[in-house]
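> In case it helps, mature numbering (1 follows the signal peptide of the UniProt record, and there is no 0) puts the sequence shown at residues -23 to -1, 1 to 230. Dropping a structure here in structure tokens format, bear with me for questions.
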Amino acid sequence: MKRVLHIVLIASFALLNSCEENAPDCFQAAGDRISESVEVPAFDAITVFENIQLVVAQGPEQRVVIETGKNLRPEVSARVQDGVLILRDENNCNLFRDYGETVIRVTTPDLREIRSSTGWPITSAGILGFNNLRLISESFNNPETVTTDGTFDLELDCQTVRVVVNGIASVKLRGEADLADLTVAAGDSRIDARDLQATTVRINHRGSNDMLVNPRQRIEGIIRGYGDVRSFFRPEEIAVEEQFRGRLLFEVP
């Protein structure tokens, strides 16, 4: 009985203090939702870590806005290192609040890279017209970015988009590009670019999931894994090598 009473008292204390800004992380409620603009130096790349949803827009001036709970804000940071905007939310224990409380909105005139190490979506607000954009969700070249189960959902109008993923990342692209260079290095990651009309699609597929593409003039590259490459247009130029069980399939009438 004493043990049960002890547990009840601890739980009651935690519940009473969960609304406090200074409560321990696990027992802390998010608090009122706030939106705060953050001044940072110039950047041309973004790395986003766990617990953060990222929304990217193209605009004439760089702007970073953090939306989160008031009690969570001290553990959310946006800083620039070597030209890379690094986004972190270190509120990792949440017994009394929902997941995914933090949204960071980034506006920038140009961007060369977005690296995802978050399990939450990275989306676009409007069309992104960056000339050369690289989308990365992998843990091989940067051991700190261990989370590779996030989602890219972007609308593009660019010259070149390069994608490198492993793990179980999901990439959904739409719009137009001159070159779509798509690599699934390992794992069960899925790239759905059927709505991205690309003049040339270059593939390096070593994964187990399907890759969906829409090449208008040329498709080239290598299929090295179990997953198929499904093309929703049959271009004039086809130069794809099938080295394992995956196949190039055309989903056309």
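Beta carbons are placed, not taken as given, at the ideal position from N, Cα and C, and that holds for glycine.
Please return the same chain residues whose Cβ sits closer than 7 Å to the Cβ of A163, not counting the five positions on each side in sequence.
Closer than 7 Å at Cβ, skipping near neighbours: N143, R183, G184.
> Starting from S114, trace the beta strand (DSSP E) in both directions and tell me its first and last residue.
It spans 109 to 114 - the beta strand (DSSP E) in which S114 sits, taken as one unbroken run.
> Am I right that L225 and I199 are in contact with their C-beta atoms under 8 Å? What's the rounded C-beta distance?
Contact flag wrong, Cβ pair sits at about 10 Å.
> Quick check on this structure: which residue in E132, V178, P230 has the alpha carbon closest to the alpha carbon of V217?
The shortest C-alpha separation from V217 is found at V178.
> As a quick exercise: from Q136, A146, S166, Y203, pick the residue whose alpha carbon is nearest that of D158.
Selected option, being the one with the closest Cα: Q136.
> In angstroms, rounded to a whole number, what distance separates the CA positions of R139 and T176?
When rounded, the distance between both Cα atoms is 14 Å.
> If we ignore side chains and look at the alpha-carbon of each, how far apart do L64 and T100 end up?
Taking the straight line from one Cα to the other gives about 15 Å.
> Along the chain, which unbroken stretches of the alpha helix (DSSP H) at least 4 residues long are found entirely within the region 117 to 162?
Counting whole runs of 4 or more residues, the region 117 to 162 contains no alpha helix (DSSP H) stretch at all.
> Closest to R10 by CA distance: which of V33, N48, I29 is it?
That would be N48, whose Cα lies nearest to the Cα of R10.
> Since P86 and G36 are thought to touch, with beta carbons under 8 Å apart, how far apart are those beta carbons, to the nearest angstrom?
With a Cβ gap of about 7 Å, P86 and G36 count as contacting.
> Is R50 helix, strand or coil when you go by DSSP?
Reduced to three states, the DSSP call for R50 is helix.
> When you compare only the Cα positions, how much space is there between D126 and G96?
So the alpha carbons of these two residues sit roughly 5 Å apart.
> Could you check the C-alpha separation between N28 and G46 for me, to the nearest Å?
Cα to Cα, the separation comes out at about 13 Å.
> When you compare only the Cα positions, how much space is there between V41 and S14?
One C-alpha to the other measures close to 6 Å.
> Mind checking which residues open and close the beta strand (DSSP E) that includes R92?
90 to 93 is the extent of the beta strand (DSSP E) around R92.
> Between which residues of its own chain and F20 is the CB-CB distance below 8 Å, once the five residues before and five after are set aside?
Only Q39, V57, G60, V61, L62, T85 meet the Cβ criterion.
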